[in-house]
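Numbering (the numbering used here), first residue to last: 1 to 148.
Here's the structure, in structure tokens; my notes come after.
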């Protein structure tokens with residue numbers, strides 16, 4: 001989907017049909033989020049699937065818990081990738097770089113704080129990952145309001 005969106009957005013922008021960028025991005029969001037819903041079933045049943053391939057109970061339990069907590073990140077990816085292609089088609093690369101740099105700083109800070117200082121364990125790693133990706137998404141969506 002991403003490769004198709006990259007091609008469509010590039011062609012639309014090059015042809016001066018800037019209004020089509022939003023249309024393509026919204027259609028892509030529908031398709032990618034529908035796919036994320038289907039893939040979330042794999043995340044939900046990761047624990048039993050790990051048991052089925054004879055992983056240890058500890059690995060299966062931790063992997064299953066981790067996978068369920070990662071479901072929000074799956075949807076963050078579904079928002080991020082089309083938004084990224086939308087911005088790339090308009091040569092808004094520096095905006096994305098600044099958003100990514102800010103996300104990296106926040107991710108590092110909160111990883112240190114939650115994992116090493118508060119000792120929240122595995123769940124804190126997932127919370128930080130989810131928050132980092134949603135921060136990037138919110139930054140990109142905020143950029144749209146300044147473009148439009």
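Built from N, CA and C at the ideal position, the CB exists for glycine as well.
The structure presented is a predicted model; accordingly, all values stated were derived computationally and were not measured.
Contact under 9 Å by Cβ, residue i with residue j
{"i": "residue 134", "j": "residue 72", "result": "yes"}
{"i": "residue 65", "j": "residue 122", "result": "yes"}
{"i": "residue 79", "j": "residue 141", "result": "yes"}
{"i": "residue 102", "j": "residue 63", "result": "no"}
{"i": "residue 88", "j": "residue 94", "result": "no"}
Same chain, Cβ closer than 8 Å to residue i, neighbours up to 5 away in sequence not counted
{"i": "residue 100", "result": "136"}
{"i": "residue 43", "result": "67, 68, 70, 71, 74"}
Beta-carbon proximity list for residue i, same chain, < 6 Å, skipping 5 on both sides
{"i": "residue 25", "result": "82, 86"}
Reference residue i, options the options, closest by Cα
{"i": "residue 34", "options": "14, 69, 74", "result": "74"}
{"i": "residue 19", "options": "90, 40, 138", "result": "90"}
{"i": "residue 144", "options": "76, 118, 84, 40", "result": "84"}
7 Å Cβ shell around residue i - same chain, five flanking residues per side excluded
{"i": "residue 110", "result": "128, 131"}
Q) Taking one C-beta from the stretch 38-54 and one from the stretch 123-132 each time, how about it: are there three or more such pairs within less than 8 Å? A) When C-beta atoms of the stretch 38-54 are compared with those of the stretch 123-132, fewer than three pairs fall below 8 Å, so the two segments do not count as touching.
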